[in-house]
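**Student:** Taken in sequence, the protein lines are chains A and B.
Note that the first sequence covers residues 1 to 339 in our numbering.
Note that the second sequence covers residues 340 to 678 in our numbering.
There are 2 protein chains.
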Amino acid sequence: MNLASNYTIAVDAMGGDNAPNKILEGINLYLKNNHDIKFHLFGDEKLIIDRISKFKNFNKNNYKITNSPNIIPDKGSVRNAIRNGKKSSMWMAIDCVKNNNADLVISAGNTGALLVISKLLLKSIDGVNKPAIAGIWPTFKNPCIVLDLGANVEFSEKNYVDFSKIGSSLFKVLFSNNSPSVSLLNIGSEDSKGNIKIKNANDILKKSNNDFNYRGYIEGNQIKDGNIDVIVTDGFAGNISLKTAEGTANFITQEIKKIFSKTLYGKICYIFCYFIFKKIKKNLDPRKYNGGIFLGLNNPVIKSHGGSDGLAFFYSIELSAKIIKGDLIKKIKQKIFNE
Amino acid sequence: MNLASNYTIAVDAMGGDNAPNKILEGINLYLKNNHDIKFHLFGDEKLIIDRISKFKNFNKNNYKITNSPNIIPDKGSVRNAIRNGKKSSMWMAIDCVKNNNADLVISAGNTGALLVISKLLLKSIDGVNKPAIAGIWPTFKNPCIVLDLGANVEFSEKNYVDFSKIGSSLFKVLFSNNSPSVSLLNIGSEDSKGNIKIKNANDILKKSNNDFNYRGYIEGNQIKDGNIDVIVTDGFAGNISLKTAEGTANFITQEIKKIFSKTLYGKICYIFCYFIFKKIKKNLDPRKYNGGIFLGLNNPVIKSHGGSDGLAFFYSIELSAKIIKGDLIKKIKQKIFNE
Numbered sequence: 001m002n003l004a005s006n007y008t009i010a011v012d013a014m015g016g017d018n019a020p021n022k023i024l025e026g027i028n029l030y031l032k033n034n035h036d037i038k039f040h041l042f043g044d045e046k047l048i049i050d051r052i053s054k055f056k057n058f059n060k061n062n063y064k065i066t067n068s069p070n071i072i073p074d075k076g077s078v079r080n081a082i083r084n085g086k087k088s089s090m091w092m093a094i095d096c097v098k099n100n101n102a103d104l105v106i107s108a109g110n111t112g113a114l115l116v117i118s119k120l121l122l123k124s125i126d127g128v129n130k131p132a133i134a135g136i137w138p139t140f141k142n143p144c145i146v147l148d149l150g151a152n153v154e155f156s157e158k159n160y161v162d163f164s165k166i167g168s169s170l171f172k173v174l175f176s177n178n179s180p181s182v183s184l185l186n187i188g189s190e191d192s193k194g195n196i197k198i199k200n201a202n203d204i205l206k207k208s209n210n211d212f213n214y215r216g217y218i219e220g221n222q223i224k225d226g227n228i229d230v231i232v233t234d235g236f237a238g239n240i241s242l243k244t245a246e247g248t249a250n251f252i253t254q255e256i257k258k259i260f261s262k263t264l265y266g267k268i269c270y271i272f273c274y275f276i277f278k279k280i281k282k283n284l285d286p287r288k289y290n291g292g293i294f295l296g297l298n299n300p301v302i303k304s305h306g307g308s309d310g311l312a313f314f315y316s317i318e319l320s321a322k323i324i325k326g327d328l329i330k331k332i333k334q335k336i337f338n339e
Numbered sequence: 340m341n342l343a344s345n346y347t348i349a350v351d352a353m354g355g356d357n358a359p360n361k362i363l364e365g366i367n368l369y370l371k372n373n374h375d376i377k378f379h380l381f382g383d384e385k386l387i388i389d390r391i392s393k394f395k396n397f398n399k400n401n402y403k404i405t406n407s408p409n410i411i412p413d414k415g416s417v418r419n420a421i422r423n424g425k426k427s428s429m430w431m432a433i434d435c436v437k438n439n440n441a442d443l444v445i446s447a448g449n450t451g452a453l454l455v456i457s458k459l460l461l462k463s464i465d466g467v468n469k470p471a472i473a474g475i476w477p478t479f480k481n482p483c484i485v486l487d488l489g490a491n492v493e494f495s496e497k498n499y500v501d502f503s504k505i506g507s508s509l510f511k512v513l514f515s516n517n518s519p520s521v522s523l524l525n526i527g528s529e530d531s532k533g534n535i536k537i538k539n540a541n542d543i544l545k546k547s548n549n550d551f552n553y554r555g556y557i558e559g560n561q562i563k564d565g566n567i568d569v570i571v572t573d574g575f576a577g578n579i580s581l582k583t584a585e586g587t588a589n590f591i592t593q594e595i596k597k598i599f600s601k602t603l604y605g606k607i608c609y610i611f612c613y614f615i616f617k618k619i620k621k622n623l624d625p626r627k628y629n630g631g632i633f634l635g636l637n638n639p640v641i642k643s644h645g646g647s648d649g650l651a652f653f654y655s656i657e658l659s660a661k662i663i664k665g666d667l668i669k670k671i672k673q674k675i676f677n678e
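1) Closer than 8 Å by C-beta to L122/A: which residues in its own chain qualify, once you throw out the five before and the five after it? Chain order, please.
2) In terms of alpha-carbon separation, which member of F171/A, I187/A, G188/A, N186/A lies closest to P180/A?
3) For the beta strand (DSSP E) containing R422/B, name the first residue and the last one.
4) Which runs of the beta strand (DSSP E) at least 3 residues long sit entirely within the region 6–62 of chain A? Give them in chain order.
5) Just confirm the distance between the C-beta atoms of G489/B and I472/B, as a whole number of angstroms; I'd bet it's less than 8 Å.
6) Return the chain-ordered ranges of every beta strand (DSSP E) run that is complete within the region 182–249 of chain A and spans a minimum of 3 residues.
7) Compare the C-beta of T583/B against all C-beta atoms of chain A and say whether one is closer than 8 Å.
8) Answer with yes or no whether the minimum CB distance from L460/B to chain A is below 8 Å.
9) Could you check whether the region 129–147 of chain A touches the region 237–253 of chain A, counting it as contact only if at least three pairs of C-beta atoms, one from each stretch, sit closer than 8 Å?
10) When the Cα of P412/B is compared with those of C608/B, I570/B, N406/B, W430/B, which residue comes out closest?
11) Taking the Cβ atom as the reference point for each residue, do K224/A and Y214/A lie within a distance shorter than 8 Å?
12) The region 212–234 of chain A: which residues have C-beta closer than 9 Å to a C-beta of chain B, in chain order?
13) Have a look at M1/A and N61/A and give me their C-alpha separation to the nearest angstrom.
14) Apart from the five residues just before and just after K361/B, which ones in its own chain have a Cβ nearer than 6 Å to its Cβ?
15) Within the same chain, show all residues whose beta-carbon is closer than 8 Å to that of G220/A, passing over the 5 residues directly before and after it, in chain order.
16) Name the two residues that bound the continuous alpha helix (DSSP H) containing I411/B.
17) If the criterion is Cβ atoms closer than 8 Å, does the pair Y402/B and F381/B meet it?
18) 8 Å is my cut-off, CB to CB: does N195/A come that close to chain B?
19) In whole angstroms, give me the CA-to-CA distance for N142/A and L658/B.
20) Report all residues from its chain with a CB closer than 6 Å to the CB of N491/B; omit the five preceding and five following residues, and keep chain order.
21) Starting from S118/A, follow its DSSP beta bridges and name the residues at the other end.
22) Under 8 Å, Cβ to Cβ, is there at least one residue of chain B near K257/A?
23) With a threshold of 16 other CB atoms inside 10 Å of the CB of D148/A, please say whether the residue is buried or exposed.
24) DSSP beta-bridge partners for G645/B?
25) Could you give the C-beta distance for I8/A and A108/A, rounded to a whole number, given that I count them as a contact under 8 Å?
26) Does the region 317–333 of chain A come close enough to the region 359–374 of chain B that 3 or more CB-CB pairs lie under 8 Å?
27) Does any C-beta atom of chain A lie closer than 8 Å to the C-beta of K627/B?
28) Should F479/B be counted as a contact of the ligand MG given a C-beta to heavy atom distance under 7 Å?
29) Does any residue of chain B have a CB that is nearer than 8 Å to the CB of N283/A?
30) Beta strand (DSSP E) containing L603/B: first to last residue?
31) Taking only beta-carbon positions, decide if S580/B is within less than 8 Å of chain A.
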């Protein structure tokens, strides 16, 4: 039997499509090979107890349930979520972290509500005036971190500088590189490019002593090269480019599928190459990069993709585990306070 | 023999990688089946005469050359281009259009220089305070138009509104749709999303009487669906998302190639599916969408991709021909002045 776990993750078990099933499936996958985390589930207790019996890796030492009768709708307004959400699974899971009864909170629910309630309950780290959403992007080399992917539509020089520090702390915790390279995402690589805010941030970052390696601007088509570890962008351009990239990836894969399925020769080709396609699907599986990381708050918050499945939720738990074990928040605070 | 052509395109024959060869190759391809346009080439006369002999579709009725001894470097600064560029192939080609000796100018050279010199010589249409760069994007349905892709990093409500009008004029000329749908690219589809400028533009566009069909916001991952004909974005987010989309497309196709070429089985699969891959390559060929269209100036300017080849240049000539024959500038002016 397992020993009592070292860490606790508070889970909004009701957020996202097909909850709580996919949430439980993802946790079950994690529990198969890991015994270091206890899961505190918030949601419809009766429903969760009914569904959890399908999964064999849960036991009384590795999870508990707190009944939270309400659910914040995935597509509802943030205002309503705040007004009516106090007894919801999402709110209560965040509150659990706030009260130091868990180390991290994870939800696949309404992103806007999760962000606003997290800000409200957990507050920003002193010295950081806004949190960011960070994501992990695949490249030809190692994955990189891109932030902000949509938390802030209004952006200042200070946000660029803060997020460079915070993003590099995250990179160190996840990928153990002591001096990550950092760039600002811009419309050209020369110093003269971009708007006044990004230019000011570029000047500040060039002049300041950082424990990361500031490398100036990067363009959107260079992210894939994997030469930069941490890429900082404002939340408006960052969100639009993330979603455009997702759309482009979907467009290309769908067009390729269409051509293979259009003719008999194509269908035979597909069967002949079955194992190659299996490998492609595995290598390019976006679920491996599932998990938006809210950075800059006093506790870590992970947003799992609402539309994806149990395996995707498993990957966001793996990410959460790394963040807790690497003591990310402590490292961010040290970095902010030391400067 | 051809009759004298109806229209003239001024060509910067020296811009982009492998010029003037690829420029001549592209024109030669166009001249194979079309006799409606005369090409006025600007560049190193001796070099062009030497190279043109390789291409059989040129004759004394369909082209002429004006010697322009200087070349604006593809990667050089815009300031230097303006200071030293007056005798350059790019400057002289733009000047030719300005003096009404050509209907459109096309260049594969330095984008920044082309934009700034075009603004300087051709001036904005009265009532439009900034030009935009528009591009054609593939979707699951018909192609759509996205603008601004990088001409303006600072953006106002008026730019969104102007570019909705101008973009819909372009769509009508290229695709003969009398009431194109128009959306603003944003980080969510609800009215409350985005920054103050895009919200104001959304309010104005909703209230005004337009001869296009204003459809509110669109997100980056919806562009591919092809439900919106004209998508307006600020030049900063637009440029970043265009380049990120290009990078993503390249990433996916390279990763797929890598898996096919890694094992003997993969290589055999590739040979077996050769004709499928040929079809995929053809369908997804980015060269078909080559050509950034500078909109809002008194004459049309086309920027062909600097790094691509003769076939890509051919596609940007086809695009140019449609713009001239559809009398785009007249239609834009009517739309701006009528309101």
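Note that beta-carbon positions come from the ideal geometry of N, C-alpha and C, so glycine has one too.
**Tutor:** In brief:
1) Position 122 of the first sequence, counting from 1, holds the residue named residue 122/A. So the qualifying residues of the chain are I94, V97, K98, L297, N298, N299, V301.
2) Counting from 1 along the first sequence, the entry for residue 180/A is found at position 180. For the residues F171/A, I187/A, G188/A, N186/A, the minimum Cα distance to P180/A belongs to F171/A.
3) Indexing the second sequence from 1 puts residue 422/B at position 83. Not the beta strand (DSSP E): R422/B falls in the alpha helix (DSSP H), residues 417–423.
4) 7–12, 37–43
5) As a first step, residue 489/B must be located in the second sequence, where it is residue number 150. As a first step, residue 472/B must be located in the second sequence, where it is residue number 133. Contact flag correct, Cβ pair sits at about 5 Å.
6) 213–218, 230–232
7) Here residue 583/B is taken as the residue at index 244 of the second sequence, counted from 1. Output row for T583/B: interface = yes.
8) Here residue 460/B refers to the residue found at position 121 of the second sequence. It does not; no Cβ of chain A falls within 8 Å.
9) These segments touch.
10) Translated into positions along the second sequence, residue 412/B becomes position 73. Nearest C-alpha to P412/B: W430/B.
11) Taking the first residue of the first sequence as 1, we reach residue 224/A at position 224. Taking the first residue of the first sequence as 1, we reach residue 214/A at position 214. Not a contact, by the Cβ cut-off of 8 Å.
12) E219, G220, N221, Q222, I223, K224, D225, T233, D234
13) Working through the first sequence from its first residue, we reach residue 1/A at position 1. Working through the first sequence from its first residue, we reach residue 61/A at position 61. Model confidence at M1/A stands at a pLDDT of 36, short of 50, so the residue's coordinates are unreliable; what they give is reported in the following sentence. C-alpha separation (whole angstroms): 9 Å.
14) Residue 361/B sits at position 22 when you count from the first residue of the second sequence. Answer for K361/B: D648, G649, F652, listed in chain order.
15) Start at 1 with the first residue of the first sequence, and residue 220/A comes out as number 220. Excluding residues within five positions, the ones whose Cβ falls inside 8 Å are L185, S241.
16) Against the second sequence, residue 411/B aligns to sequence position 72. It is not in any alpha helix (DSSP H) - I411/B carries neither H nor E in the DSSP assignment.
17) Numbered from its first residue, the second sequence carries residue 402/B at position 63. Numbered from its first residue, the second sequence carries residue 381/B at position 42. The answer is no: Cβ separation not under 8 Å.
18) As a first step, residue 195/A must be located in the first sequence, where it is residue number 195. Yes, N195/A lies at the interface with chain B (some Cβ there is under 8 Å from its Cβ).
19) Translated into positions along the first sequence, residue 142/A becomes position 142. Translated into positions along the second sequence, residue 658/B becomes position 319. Going by the C-alpha atoms only, they are around 40 Å apart.
20) Taking the first residue of the second sequence as 1, we reach residue 491/B at position 152. Excluding positions up to five away in sequence, the list reads K469, G574.
21) For the purposes of this step, residue 118/A is taken as the residue at position 118 of the first sequence. For S118/A, which the question treats as bridged, DSSP gives no partner whatsoever.
22) Locating residue 257/A in the first sequence gives position 257, counting from the first residue. Chain B, which has no Cβ nearer than 8 Å to the Cβ of K257/A, makes this no.
23) For the purposes of this step, residue 148/A is taken as the residue at position 148 of the first sequence. Buried is the call here.
24) For the purposes of this step, residue 645/B is identified with residue 306 of the second sequence, where counting begins at 1. According to DSSP, which records beta bridges pairwise, G645/B is partnered with nothing at all.
25) Numbered from 1 along the first sequence, position 8 holds the residue referred to as residue 8/A. Numbered from 1 along the first sequence, position 108 holds the residue referred to as residue 108/A. According to the sequence displayed, residue 8/A carries Thr and not Ile. For T8/A against A108/A, the beta-carbon gap comes to about 18 Å, at or over 8 Å, which does not count as contact.
26) Output reads no: the region 317–333 of chain A does not touch the region 359–374 of chain B.
27) Residue mapping note: residue 627/B aligns to position 288 of the second sequence, counting from 1. No, its Cβ sits nowhere closer than 8 Å to a Cβ of chain A.
28) Questions concerning the ligand MG fall outside what the structure shown contains, since it holds no ligand whatsoever.
29) Here the question's residue 283/A lines up with position 283 in the first sequence. Yes - at least one Cβ of chain B is within 8 Å of the one on N283/A.
30) Residue numbering aside, residue 603/B sits at position 264 when the second sequence is read from its first letter. Looking at the DSSP string, L603/B is not in any beta strand (DSSP E); the run it does join, the alpha helix (DSSP H), is 603–611.
31) The sequence position of residue 580/B within the second sequence is 241, counting from 1. Interface residue, yes.
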